[in-house]
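So the structure is just underneath, and the comments pick up after that.
Protein chains: 2
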Amino acid sequence: MKKVSIPKGTRDYSPAAMARRKYIFDTIGDIFNVFGYQPIETPAMENLDTLLGKYGEEGDKLLFKILNSGNFLNGIENADIQSTDAGAMSSKISEKGLRYDLTVPFARYVVQHRNEITFPFKRYQIQPVWRADRPQKGRYREFYQCDADIIGSRSLLNELELIEIIDRVFDRFSIKTCIKINNRKILAGIAEILGESSKLTVITTALDKLDKIGSEGVTGELRDKGISDPVIEKLQPIINLSGTTEEKLNNLTTILKDSETGLKGVAEMESLFEYLKIPEIKSRVELDLTLARGLNYYTGAIIEVQSDEVKIGSVCGGGRYDDLTGIFGLENVSGVGVSFGADRIYDVLDQLDLYPEEVSTGTRLLFINFGEKEEKYILENISPFRDAGIPTEIYPDHAKIKKQMSYANQKDIPFVALVGEEEINKSVISFKDMASGEQIKCSIDEAIKLIQSRYV
Amino acid sequence: MKKVSIPKGTRDYSPAAMARRKYIFDTIGDIFNVFGYQPIETPAMENLDTLLGKYGEEGDKLLFKILNSGNFLNGIENADIQSTDAGAMSSKISEKGLRYDLTVPFARYVVQHRNEITFPFKRYQIQPVWRADRPQKGRYREFYQCDADIIGSRSLLNELELIEIIDRVFDRFSIKTCIKINNRKILAGIAEILGESSKLTVITTALDKLDKIGSEGVTGELRDKGISDPVIEKLQPIINLSGTTEEKLNNLTTILKDSETGLKGVAEMESLFEYLKIPEIKSRVELDLTLARGLNYYTGAIIEVQSDEVKIGSVCGGGRYDDLTGIFGLENVSGVGVSFGADRIYDVLDQLDLYPEEVSTGTRLLFINFGEKEEKYILENISPFRDAGIPTEIYPDHAKIKKQMSYANQKDIPFVALVGEEEINKSVISFKDMASGEQIKCSIDEAIKLIQSRYV
């Protein structure tokens with residue numbers, strides 16, 4: 000037989016995986032919904048000029064590009080081809096790409112539909128994205144993101160609300176998490192007072208390793224990356240910042256006293272942590288100055304969530320961006336959003352065995368099919384089970400009973416009905432509760448009630 | 000401002016459209032589910048060798064192909080390029096394509112996972128497909144299909160079940176439909192007794208126009224297409240076939256007496272129409288010999304569904320295929336399936352104004368935000384509304400009340416809460432039912448019950 004396969008980094012989802020994914024998406028979607036976020040969807044393909052230049056040089060390379068349809072070589076000059084410059088060539092034969100995330104398509108959506116939208120606009124979006132990354136364990140070329148964003152309001156209430164959403168989602172999943180928060184303005188302020196604004200990335204990358212390599216290690220790395228000793232000296236109070244969030248913020252006010260941006264960031268964090276005292280939040284929420292995240296468009300709060308029990312990287316992240324729609328020419332529309340990583344949440348739930356039992360949506364009742372006469376009786380009586388929402392099958396062939404029972408077993412069908420002459424004459428059905436082994440003979444109505452009470 | 004757009008033939012879905020689409024997908028999915036079909040999903044991208052050659056030459060041209068990532072020009076010879084043969088070139092720079100339908104990926108899935116699957120395998124799949132068709136009204140380059148198939152059983156019970164599913168779906172939508180059924184073996188039998196097996200398509204295309212141009216017109220068209228007069232003569236009893244389904248099938252038994260295949264088709268239809276007498280079917284079900292459908296892989300029953308009230312082409316179609324997994328080397332696995340056209344169903348529901356009112360999932364309650372003190376009280380009391388499943392917002396900014404009320408109006412939010420000093424002191428809330436204009440002041444618990452009773 001020919002070997003069939005799917006592109007590397009992509010996956011098929013079996014019925015069992017689908018049931019678990021539905022549980023994840025429904026849980027997250029329901030919570031977005033009770034906070035007033037509404038769903039949108041955008042096309043898998045976007046014009047390349049929407050996507051290019053939004054994710055950095057590396058991101059551009061990871062875009063999946065669609066070959067123009069028809070004779071895509073039309074109008075291609077020999078010179079274009081002979082340059083063998085893949086970048087230049089691809090722009091001539093491809094004008095569409097698959098979306099790389101949900102944030103840029105959302106920004107495009109807001110700009111394109113700005114006259115139909117009521118601002119502040121709260122939307123959520125649960126769709127796959129595609130990246131031509133090298134596939135490896137836990138990293139896929141097609142994966143789902145679950146994003147909620149609010150755009151058109153600068154209020155920190157929105158940051159609070161997103162943290163409440165995160166807290167509810169992981170509480171519903173029974174996943175214990177730590178929600179880490181930082182502020183891009185504080186990071187910018189630190190770089191500013193160090194006189195090293197251009198080296199912000201080097202500094203934050205080193206700070207990010209504090210947990211693993213300690214303050215000595217961080218100092219060493221900074222020196223290796225060409226940060227001078229006086230600057231490293233100045234960084235010490237930041238590296239050694241400790242105490243409660245309040246104490247940290249107080250110290251930062253002193254450290255950043257000469258940076259207007261930095262102080263603004265501290266003030267924002269003070270307000271946000273003040274807000275966070277009001278509702279009940281079950282997760283730990285921590286100020287973490289080492290948190291930077293890759294995406295360059297954050298301008299205020301930066302949020303990242305980690306599982307306490309499973310080391311798998313962040314399960315959710317986000318932040319505020321003041322300039323997102325600016326890339327499409329719509330200025331001064333501030334937004335803030337979070338993105339849940341469905342694949343990692345899937346793995347965490349799996350590892351901690353946290354899926355609720357009722358996640359399966361498989362068949363509940365199978366009618367064994369003995370022959371024509373029984374089949375007719377079953378067909379006359381099967382509809383009420385389905386009307387009552389019980390997934391019900393009749394085995395389609397007059398196969399041997401052993402084969403039919405084995406079908407029920409392999410599919411984990413909890414109730415199997417056997418209908419023969421006696422049942423037909425008495426207008427009843429007989430069925431077996433496969434878990435307990437109990438045999439029951441009763442009317443159709445009673446059978447429906449019984450199955451519903453035991454399982455649905 | 001820069002003009003932003005999406006690729007032609009693709010669409011953004013607004014929250015309002017999403018709510019309607021969810022209604023369609025949930026309705027169809029729920030019905031698939033109660034019949035024991037379980038969901039799977041496959042990747043958007045398939046290897047091109049999975050897709051190519053499965054949809055005819057025209058289909059191959061309509062595939063969206065993905066440019067290989069990295070330097071896709073590596074290994075391309077100058078000769079390849081200079082041939083300027085787009086087909087040959089594309090196979091060298093592209094090895095993946097977007098799925099064109101859900102049937103071929105399903106066949107690939109079954110072959111690839113045959114050792115994990117319990118047969119007969121009943122699966123459904125609701126996902127987008129992509130075709131590089133010329134976009135026009137009602138024809139898109141990205142659109143959703145909703146497919147249910149059962150594979151691994153030759154029983155006509157499966158055809159019956161799919162017709163029951165179709166009937167339930169459109170009954171749930173309150174769309175009146177006619178379900179037309181034909182059988183590929185009958186068509187093959189007709190061509191066989193005419194001695195014109197190679198002209199099956201010409202004959203069925205002409206027959207397809209019987210409704211519009213009458214039997215004279217059909218005769219004329221057949222003559223134009225080079226069908227000889229004696230053959231046209233022989234076709235007359237088929238063109239003029241009339242009466243009940245039973246009478247038609249009886250006449251066909253006589254007409255097709257010399258074609259083994261044809262008689263087999265008649266026998267299948269007799270059994271199926273016999274089965275169709277058992278359950279209650281609300282749609283009209285008709286034998287329609289003019290029904291052929293484009294796809295060549297059908298080998299038995301052919302099914303097509305039309306709305307009685309909206310002329311929009313078929314809203315659902317399908318049939319039996321004995322050879323589908325044969326293209327991937329797994330022989331003798333017969334399947335039968337149907338595919339619902341979500342976009343056309345959307346349009347029919349729209350035109351007939353059949354969407355139920357409760358389809359909207361938007362915000363039910365908005366708290367007006369007067370200032371810090373009120374905000375704090377609201378934040379302390381808002382969670383129970385969300386816990387009760389009521390989509391609830393607090394306006395994030397301390398904006399003018401007129402602006403906040405206009406936000407509520409534009410979003411059609413049915414309840415608006417106004418909380419001031421008095422409410423805070425008495426631990427109550429005041430809210431307005433926007434539909435009736437009624438003002439209510441009560442406790443949080445009472446407010447939740449009231450809003451639930453009036454709206455959720």
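First to last, the protein sequences are chains U and F. Numbering follows numbering that gives the first Met the number 0, with no gaps: position 63 of the first sequence is 62. Numbering follows numbering that gives the first Met the number 0, with no gaps: position 302 of the second sequence is 301. Backbone N, C-alpha and C fix where the C-beta goes; we use that ideal spot for every residue, glycine too.
Span of the beta strand (DSSP E) around Tyr320(U): The sequence position of residue 320(U) within the first sequence is 321, counting from 1. Membership of Tyr320(U) in the beta strand (DSSP E) is indicated by the continuous run Ser313 to Tyr320.
Residue-chain proximity (Tyr22(F), chain U), Cβ-Cβ < 8 Å: Taking the first residue of the second sequence as position 1, residue 22(F) is located at position 23. Taking a beta-carbon distance threshold of 8 Å, Tyr22(F) does not count as an interface residue toward chain U.
Ser173(F) versus Val309(F), Arg222(F) and Thr362(F), residue with shortest Cα-Cα distance: On the second sequence, residue 173(F) is found 174 positions in, with the first residue counted as 1. Of Val309(F), Arg222(F) and Thr362(F), the residue nearest in Cα terms is Val309(F).
Between the CA atoms of Glu163(U) and Lys276(U) - distance to the nearest angstrom: Along the first sequence, one-based indexing puts residue 276(U) at 277. Along the first sequence, one-based indexing puts residue 163(U) at 164. Answer to the nearest angstrom: the Cα atoms are 11 Å apart.
DSSP three-state assignment for Met44(F), whether helix, strand or coil: Here residue 44(F) refers to the residue found at position 45 when the second sequence is read from its first residue. Here Met44(F) sits in strand by DSSP.
Residue closest to His397(U), alpha-carbon to alpha-carbon, out of Pro119(F), Tyr12(F) and Asp432(F): The count along the first sequence starts at 1 and reaches residue 397(U) at position 398. Closest by alpha carbon: Pro119(F).
Secondary structure of Tyr12(U), DSSP reduced to three states: For the purposes of this step, residue 12(U) is taken as residue 13 along the first sequence, with counting starting at 1. Reduced to three states, the DSSP call for Tyr12(U) is strand.
Residue-level contact to chain U via CB, Glu373(F), 8 Å cutoff: Counting from one through the second sequence, the residue named residue 373(F) turns up at place 374. Interface residue (Cβ-Cβ distance to chain U less than 8 Å): Glu373(F) is not classified as such.
Nearest-angstrom Cα separation, counted from Lys372(U) out to Arg153(F): Your numbering for residue 153(F) matches position 154 in the second sequence. Your numbering for residue 372(U) matches position 373 in the first sequence. Going by the C-alpha atoms only, they are around 19 Å apart.
Spatial neighbours of Phe24(U) in its chain, beta-carbon cut-off 6 Å, leaving aside the 5 residues before and after: Locating residue 24(U) in the first sequence gives position 25, counting from the first residue. The answer, listed in chain order, is Ile125.
Close-in-space but distant-in-sequence residues of the same chain around Tyr274(F) (CB under 6 Å, 5 per side omitted): Indexing the second sequence from 1 puts residue 274(F) at position 275. Correct list, in chain order: Leu159.
Inter-residue spacing [alpha-carbon to alpha-carbon] between Gly261(U) and Gly137(F): To locate residue 261(U), count along the first sequence from 1; it is residue 262. To locate residue 137(F), count along the second sequence from 1; it is residue 138. The alpha-carbon atoms of Gly261(U) and Gly137(F) are separated by roughly 54 Å.
Strand pairing of Phe142(U), partner residues [DSSP]: Here the question's residue 142(U) lines up with position 143 in the first sequence. The partner list for Phe142(U) (beta bridge, DSSP) reads Val128(U).
C-alpha distance - Ile180(F) paired with Val418(U), whole-angstrom precision: The count along the second sequence starts at 1 and reaches residue 180(F) at position 181. The count along the first sequence starts at 1 and reaches residue 418(U) at position 419. Take the alpha-carbon of Ile180(F) and the one of Val418(U): they are about 31 Å apart.
Distance CB(Arg283(F))-CB(Cys177(F)) smaller than 8 Å: Translated into the one-based positions of the second sequence, residue 283(F) becomes position 284. Translated into the one-based positions of the second sequence, residue 177(F) becomes position 178. It is a contact, given that the beta carbons lie within the stated cut-off.
Sub-8 Å separation of Val314(U) and Ile344(U) beta-carbons: Numbered from 1 along the first sequence, position 315 holds the residue referred to as residue 314(U). Numbered from 1 along the first sequence, position 345 holds the residue referred to as residue 344(U). Contact flag set, yes.
Which of helix, strand or coil DSSP assigns to Thr244(U): To locate residue 244(U), count along the first sequence from 1; it is residue 245. Three-state DSSP puts Thr244(U) in a helix.
The stretch 37–50 of chain U / the stretch 357–366 of chain U touching (three or more Cβ pairs under 8 Å): Output reads no: the stretch 357–366 of chain U does not touch the stretch 37–50 of chain U.
Glu392(U) - partner residues in DSSP beta bridges: Here residue 392(U) refers to the residue found at position 393 of the first sequence. Beta-bridge pairing links Glu392(U) to Leu365(U).
Per DSSP, cross-strand counterpart(s) of Val335(F): Here residue 335(F) refers to the residue found at position 336 when the second sequence is read from its first residue. Per DSSP, Ile149(F) and Arg319(F).
Contact residues within the stretch 401–417 of chain U, judged by C-beta distance below 7 Å to chain F: So the close ones are Tyr406, Gln409 and Lys410.
CB contact flag (Ala43(F), Ser68(U), <8 Å): Translated into the one-based positions of the second sequence, residue 43(F) becomes position 44. Translated into the one-based positions of the first sequence, residue 68(U) becomes position 69. Taking 8 Å as the Cβ cut-off, Ala43(F) and Ser68(U) do not qualify as a contacting pair.
Contacting positions in the stretch 374–392 of chain U - beta carbon closer than 9 Å to chain F: Residues passing the 9 Å Cβ filter: Glu374, Lys375, Leu378, Glu379, Ile381, Ser382, Phe384, Arg385, Asp386, Ala387, Gly388, Ile389, Pro390, Thr391 and Glu392.
8 Å Cβ cutoff, Arg107(F) in contact with chain U: As a first step, residue 107(F) must be located in the second sequence, where it is residue number 108. It does; some Cβ of chain U falls within 8 Å.
Where the stretch 22–43 of chain U meets chain F: residues whose CB sits under 7 Å from a CB there: Residues Asn32, Val33, Phe34, Gly35, Gln37, Pro38, Ile39, Glu40, Thr41, Pro42 and Ala43.
Asp307(F) classed as buried or exposed, judged by whether at least 16 other C-beta atoms fall within 10 angstroms: Here residue 307(F) corresponds to residue number 308 of the second sequence, with the count starting at 1. With a 10 Å radius around the Cβ and a threshold of 16 neighbouring Cβ atoms, Asp307(F) comes out exposed.
Option in Tyr22(F), Ser4(F), Arg10(F) and Ala147(F) with minimal Cα separation from Asp349(F): Taking the second sequence and counting its residues from 1, one reaches residue 349(F) at position 350. Considering only Tyr22(F), Ser4(F), Arg10(F) and Ala147(F), the residue with the shortest C-alpha distance to Asp349(F) is Tyr22(F).
Where Met433(U) meets chain F, residues with beta-carbon distance less than 8 Å: As a position in the first sequence, residue 433(U) is number 434, starting the count at 1. In chain F, no part has a C-beta under 8 Å from the C-beta of Met433(U); the shortest such distance is about 15 Å.
Proximity to Leu323(U) [Cα-Cα], best of Leu61(U), Tyr108(U) and Ala18(U): Your numbering for residue 323(U) matches position 324 in the first sequence. Closest by alpha carbon: Tyr108(U).
According to DSSP, residues forming a beta bridge with Asp307(U): Here residue 307(U) refers to the residue found at position 308 of the first sequence. Secondary-structure assignment with DSSP links Asp307(U) through no beta bridge to anything.
Neighbour flag for Asn457(U) against chain F, beta carbons, 8 Å: The requested residue 457(U) does not occur in the structure, where chain U is confined to residues 0 to 455.
Cut-off 6 Å between Cβ atoms - residues of its own chain near Phe142(F), not counting five sequence neighbours on either side: For the purposes of this step, residue 142(F) is identified with residue 143 of the second sequence, where counting begins at 1. So the qualifying residues of the chain are Asp342.
Beta-carbon neighbours of Asn157(F), restricted to chain U and to distances below 8 Å: As a first step, residue 157(F) is located in the second sequence; it is residue number 158 there, counting from the start. In chain order: Pro395.
Bridge partners - Leu286(F), DSSP secondary structure assignment: Within the second sequence, the letter at position 287 stands for residue 286(F). Per DSSP, Ile180(F).
Runs of alpha helix (DSSP H) wholly within the stretch 170–223 of chain F (minimum 4 residues, chain order): The stretch 170–223 of chain F is shown to contain whole alpha helix (DSSP H) runs of 4 or more residues at 183–193, 199–206 and 209–223, in chain order.
Exposure label - Ser258(U); buried when at least 16 CB within 10 Å: Locating residue 258(U) in the first sequence gives position 259, where the first residue counts as 1. Flag for Ser258(U) reads buried.
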